[in-house]
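A.B. asks:
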Amino acid sequence: NGDELKELREKNINTFEYVYPKRGRIISKDGFVLAEDRKIFSIAVNLNVKPNEQAIEKLISIFPNKIENQYVKDIVEKSIKTGNQEVVVSKLNQQELSKFLVRSNELEGFSVIENYERIYDPHPSIFHVLGHMGYLSERDKTYFKSRIDQYTPSLWRRVGKSGVERIYEEQLRGKHGKRFFLRNARGQNTPDLIKVAKDIERFGANGITVHPRPDERHIRYSDVEDLSSVLTKEFNVEGYPNKLFADLVK
């Protein structure tokens with residue numbers, strides 16, 4: 037019914053992901069940094085705009101030794117299906133980051149995201165004292181639930197596994213932020229666009245008009261091709277005249 041569709045629409049338009057916090061430093065009494073988070077950059081699928089074929093090819097031309105066409109397409113489809121900002125190229129060095137940024141206007145649908153990796157003092161004598169990080173396990177959930185107030189395991193991927201990292205997990209872990217996104221409002225195949233279009237013709241309409249936006253929030257460019265193969269009456273396509281739109285309506 038209408039209320040259910042409205043609720044689905046709101047869930048699909050307004051979504052967010054947690055931004056993992058920078059973990060605290062571990063510093064010796066004499067001021068030496070023994071462990072800290074270092075910022076790293078990756079390229080991910082932008083949930084606001086679906087990458088087109090030209091953007092995918094341009095990204096591959098920048099990183100020919102790291103990615104290939106089918107791999108990128110699979111990542112894009114996975115990102116759209118799950119609603120998660122999937123990483124396409126990880127841990128960019130400064131030169132790679134610069135290459136992406138200077139061509140970013142040709143790479144619509146991809147964006148740079150920031151994350152952190154843990155760096156330790158290399159001296160072997162303190163490894164066992166500092167401990168290490170690792171992926172959250174069921175044993176970790178039980179351990180920290182009784183030691184940290186309002187512990188929410190679903191928010192964490194990595195935790196301290198031993199040493200100082202584990203003992204001072206609550207003090208080192210930081211607080212999550214949130215990154216909000218506008219997503220496609222339809223949510224998978226609800227409603228079934230092809231069925232709706234056929235029904236509209238069957239009910240007596242003289243034609244159908246669609247208006248695909250560049251961000252594909254409602255009607256997608258791929259919908260235009262799907263509809264054109266099944267509609268038997270007048271089919272109008274209106275939209276912002278970018279290159280992708282011009283190629284679509286030729």
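Note that our numbering has the sequence shown beginning at 37, numbered continuously upward.
The beta-carbon is built from N, C-alpha and C at its ideal position, and this holds for glycine as well.
#1: Would you say H168 and S198 are within 7 angstroms of each other, going by their C-beta atoms?
#2: Candidates Y171, D185, S190 and P100: which alpha carbon is nearest G196's?
#3: Kindly identify the DSSP beta-bridge partner or partners of V108.
#4: Within 10 Å of its beta-carbon, does P277 have 16 or more other beta-carbons around it, so buried, or fewer, so exposed?
#5: Taking buried to mean at least 16 other C-beta atoms within 10 Å of its own C-beta, is F180 buried or exposed?
#6: Hey, how far is the Cα of K214 from the Cα of Y56?
#7: Can you have a look at F68 and say buried or exposed, based on whether 16 or more other CB atoms are within 10 angstroms of its CB?
#8: Assign I62 to one of two classes, buried (16 or more other C-beta atoms within 10 Å of its C-beta) or exposed (fewer than that).
#9: Should L83 be labelled buried (16 or more other beta-carbon atoms within 10 Å of its own) or exposed?
#10: With a cut-off of 7 angstroms, does the C-beta of Q90 fall near any C-beta of chain D?
#11: Report the CB separation of V112 from L166 in whole angstroms; it is logged as a contact under 8 angstroms.
#12: Quick check on A282: buried or exposed, where buried means 16 or more other Cβ atoms within 10 Å of its Cβ?
#13: Along the chain, where does the beta strand (DSSP E) containing G199 start, and where does it finish?
#14: Excluding the five sequence neighbours on either side, which residues of its own chain have a C-beta within less than 7 angstroms of the C-beta of I162, listed in chain order?
#15: According to DSSP, what are the bridge partners of K75?
#16: Under three-state DSSP, which class holds N272?
#17: Among K75, K102, N129 and K65, which residue has its Cα nearest to the Cα of E153?
C.D. replies: In short, the structure shows the following:
#1: yes
#2: Y171
#3: None; V108 has no bridge partner.
#4: Exposed.
#5: Classification for F180: buried.
#6: Cα to Cα, K214 sits roughly 9 angstroms from Y56.
#7: exposed
#8: buried
#9: buried
#10: Note that chain D does not occur in the displayed structure, where there is just one protein chain.
#11: In fact, because the Cβ distance is near 39 angstroms, the residues do not count as touching under 8 angstroms.
#12: Sixteen is the threshold: since fewer than 16 other Cβ atoms of the shown chains lie within 10 Å of the Cβ of A282, the residue is exposed.
#13: Careful: G199 lies outside any beta strand (DSSP E), inside the alpha helix (DSSP H) at G199 to I203.
#14: L70, listed in sequence order.
#15: Y152
#16: strand
#17: Out of K75, K102, N129 and K65, K75 has the C-alpha closest to the C-alpha of E153.
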